[in-house]
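Its first residue numbered 58, the sequence shown is counted upward by one per residue in the numbering used here. We put the CB at the ideal spot given by N, CA and C, even for glycine. None of the values given here were measured: they were computed from a predicted structure. A short worksheet on the structure shown next.
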Amino acid sequence: MAACINDHLKRYGGLAAGREEEQKRYFEERRLYALQIETTDACQQGCIYCYAGSTPREHHGLTSHEIRGLLDDAAALEIRAIDWLGGDPLVRPDWYELMQYARSLGLVNNVWTSGLPLKSKEIAARVHEVTEGGFVSVHVDSITPEVYARLHRGGNAHFIDAIVEGVDNLLALGKPADMMINCITYTAEQGPEDAIETMRWWFEEKGLRTCLTMFNPAGMGAEWRAFEPGLDEVQRVYTERDRIDFGGDNISIAAMDTDKFYCGTMATVTFTGDVTPCSVIRDGVANIRETPFREIIARHLDKLVHAELHDVRNLPAPCDTCGNNPHCWGCRASAYHYSGDADGLDPKCWLIRTEQTPNYFSGNSNSHKPSNEEIGLNP
Ligand code: SF4
Ligand code: SF4
């Protein structure tokens with residue numbers, strides 16, 4: 058069973074496909090494995106809850122010089138992967154040259170795009186080239202036009218088809234579905250049925266798994282607090298995510314969107330230069346426009362990677378005895394935004410609330426995954 062769990066998680070939990078053992082070693086050493094760089098706040102898609110407040114026109118962004126400096130520093134720190142974020146990193150005119158430069162330094166490129174630029178076959182081909190060995194994430198919250206329209210400014214439901222066409226372009230070029238993922242930011246406004254239908258559609262039709270990010274009232278999205286999901290719907294949606302992403306294994310990463318190995322070896326530089334533990338946490342420890350990046354890392358690494366929590370004995374109870382803690386430690390962003398402590402409990406973990414499944418807190422990794430009936434889900 059343990060081998061089976063590891064096999065699934067290493068492929069779909071840690072966002073380091075093919076290099077999981079190296080990522081775990083970085084975790085043990087409390088180092089940075091991936092650097093998220095938000096290159097611009099511009100994006101065509103117009104998600105209304107966006108923490109970046111993205112609009113089609115750029116209002117904030119890092120300069121090419123700043124980004125090249127970050128890439129040089131990342132290589133010097135032996136960081137292995139650059140996660141390109143925005144906004145949409147593919148709307149920058151210099152994205153291709155920057156990613157080529159990262160590759161020349163031995164860094165792996167992972168691209169988090171809306172997916173809209175991939176509709177261009179030329180752009181898709183270039184993305185395929187520069188993400189060799191890395192993954193591409195697109196972002197379609199809902200495949201239902203009415204729901205999609207409610208969640209996006211302008212309500213352009215035809216964007217769904219455009220992004221699907223972009224994914225098809227990448228698949229046709231030979232990008233494996235295992236190296237692509239669809240992102241959903243789960244909000245109460247979407248509702249569990251639609252999120253589950255969307256996750257199933259992507260997996261059954263295109264082979265893509267889901268990166269299911271919890272809505273947080275962060276940054277420019279703070280005004281959408283009414284979008285905060287309740288625990289019952291979180292349990293339904295995330296349990297189905299576990300089923301799709303990890304198959305029949307009795308494992309869960311609860312309300313995290315990735316496992317702790319990615320979460321605990323990563324830092325973000327926002328499009329205004331702030332250095333934060335995750336793009337969903339908008340408050341930085343320092344800013345690269347005031348302090349050199351390498352100095353920031355030297356001073357604040359422990360806080361950025363939640364170093365103390367790398368030892369499971371330091372996790373807050375009941376996570377310290379949870380059967381999921383070999384790969385889960387709760388979403389640090391949800392802990393920060395919903396309870397005020399980035400190293401505290403994730404209040405969106407339904408297991409903590411209900412303690413319905415006591416085996417999770419006995420250190421037994423064969424713990425029980427709730428059935429469809431228990432979570433009120435029709436298969
Ligand atoms: S109790 Fe903690 S370790 Fe266990 S599933 Fe919930 S957040 Fe993860
Ligand atoms: S803090 Fe939450 S959103 Fe950020 S990487 Fe960790 S699990 Fe994902």
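Contact under 7 angstroms by Cβ, residue i with residue j
{"i": "N307", "j": "T267", "result": "no"}
{"i": "A181", "j": "L173", "result": "no"}
{"i": "L265", "j": "W258", "result": "no"}
{"i": "I241", "j": "L269", "result": "yes"}
{"i": "Y393", "j": "W281", "result": "no"}
{"i": "T201", "j": "P146", "result": "no"}
{"i": "T188", "j": "N166", "result": "yes"}
{"i": "G321", "j": "T333", "result": "no"}
{"i": "R210", "j": "G103", "result": "yes"}
{"i": "M237", "j": "V193", "result": "yes"}
For residue i, three-class secondary structure by DSSP
{"i": "A324", "result": "strand"}
{"i": "V362", "result": "coil"}
{"i": "D251", "result": "helix"}
{"i": "N371", "result": "helix"}
{"i": "A138", "result": "strand"}
{"i": "K426", "result": "Summary for K426: the model assigns pLDDT 47, below 50, so the residue's position carries little reliability; its value from the coordinates is reported in the next sentence. Coil, per DSSP."}
{"i": "Q413", "result": "Residue placement at Q413 cannot be trusted, given a pLDDT of 44 that sits under 50; the coordinates are not used to answer."}
{"i": "R266", "result": "strand"}
{"i": "C104", "result": "strand"}
{"i": "L228", "result": "helix"}
{"i": "Y395", "result": "helix"}
Residue i CB to nearest heavy atom of ligand 1 below 6 angstroms
{"i": "N381", "result": "yes"}
{"i": "C240", "result": "no"}
{"i": "I409", "result": "yes"}
{"i": "G387", "result": "yes"}
{"i": "C376", "result": "yes"}
{"i": "A311", "result": "yes"}
{"i": "D403", "result": "yes"}
Residue i Cβ short of 6 angstroms to ligand 2 heavy atom set
{"i": "A390", "result": "yes"}
{"i": "V291", "result": "no"}
{"i": "V337", "result": "yes"}
{"i": "T244", "result": "no"}
{"i": "C406", "result": "no"}
{"i": "C320", "result": "yes"}
{"i": "T315", "result": "yes"}
Rounded separation between residue i and residue j - CA only
{"i": "T325", "j": "A311", "result": "23 angstroms"}
{"i": "M323", "j": "E86", "result": "13 angstroms"}
{"i": "R82", "j": "L89", "result": "11 angstroms"}
{"i": "L230", "j": "G191", "result": "15 angstroms"}
{"i": "Y319", "j": "A399", "result": "16 angstroms"}
{"i": "I253", "j": "C388", "result": "20 angstroms"}
{"i": "P383", "j": "R114", "result": "42 angstroms"}
{"i": "E347", "j": "K263", "result": "44 angstroms"}
{"i": "T255", "j": "Q247", "result": "11 angstroms"}
{"i": "I139", "j": "P274", "result": "26 angstroms"}
{"i": "H117", "j": "I94", "result": "13 angstroms"}
{"i": "I220", "j": "E79", "result": "32 angstroms"}
{"i": "H357", "j": "F350", "result": "10 angstroms"}
{"i": "A364", "j": "E352", "result": "18 angstroms"}
{"i": "A73", "j": "A374", "result": "28 angstroms"}
{"i": "D198", "j": "Y108", "result": "15 angstroms"}
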